[in-house]
Each structure stands twice: as structure tokens, then as C-alpha cells.
Amino acid sequence: IVRRWSGIPASLAGWGNSAAQLRRAGRGDEVDFVIGHLDDVSCSLVFQGREVRAEAAPVAAGRGPGGWTR
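If you want it as C-alpha cells, here you go:
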């Protein structure tokens, strides 16, 4: 998944099928909130088994996990 979406602007997530479904359900404000807060996270997180852990390298300013830019 990371390889597939690497280099794609994260804001395009608002145009995806899941976002469209949320908007149809009257939950577009949730989509807008998430898209508007992408830069709030200072590191990437990995879910392994039953735990979430931070990656060793912090996310560079303006970049997210997988290398996307905003």
C-alpha cells in the first residue's frame, strides 16, 4: 500500500471511495477534519500485532508515511 500511494498528495484521500461514502452519509465534516489535520502527526506509526509503535525516523515536514507530500 505504501509503495502504491507513495508520491500521491494525501489531500487526494478526500476524493476516494471511502470519503465519498462518508460524505453521502452526512459525515463530510469528518473527512474535512482529517484532511485538514494531516500535518498534526510528527512521526509515522506502525501497527504490529496488537501494538502501535512509532517509526524510528520522524516524518519530515510536509511529508507523511510513504513519502507523500501535502
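In this note's numbering, the protein residues as written are 414 to 483. Yeah, the Cβ is synthetic: ideal placement off N, Cα and C, and Gly gets one too. Small disclaimer: the values here were computed from a predicted structure and weren't measured.
Counting along the chain, where does the beta strand (DSSP E) carrying residue i start and finish?
i, result
"Ser-457", "456-461"
How many angstroms separate the CA atom of residue i from the CA atom of residue j?
i, j, result
"Leu-451", "Glu-443", "13 angstroms"
"Phe-460", "Arg-466", "7 angstroms"
"Pro-478", "Gly-420", "No answer about Pro-478 holds up, because its pLDDT of 48 lies below 50 and its placement is not dependable."
"Arg-416", "Arg-437", "29 angstroms"
"Gly-462", "Gly-441", "31 angstroms"
"Arg-483", "Ala-433", "Caution is warranted here: a pLDDT of 42 is assigned to Arg-483, below 50, making its placement in the model unreliable, and the coordinate value is therefore given only provisionally. Between Arg-483 and Ala-433, the C-alpha separation is close to 20 angstroms."
"Trp-428", "Asp-445", "11 angstroms"
"Gly-439", "Ala-423", "22 angstroms"
"Ala-426", "Ile-448", "8 angstroms"
"Leu-435", "Val-454", "23 angstroms"
Over the uninterrupted alpha helix (DSSP H) stretch that includes residue i, give me the two end residues.
i, result
"Arg-436", "430-437"
"Asp-442", "441-449"
Return the bridge partner residues of residue i from the DSSP annotation.
i, result
"Ala-467", "Leu-458"
Measure the CB-CB distance between residue i and residue j and report whether it falls below 9 angstroms.
i, j, result
"Glu-464", "Ser-457", "no"
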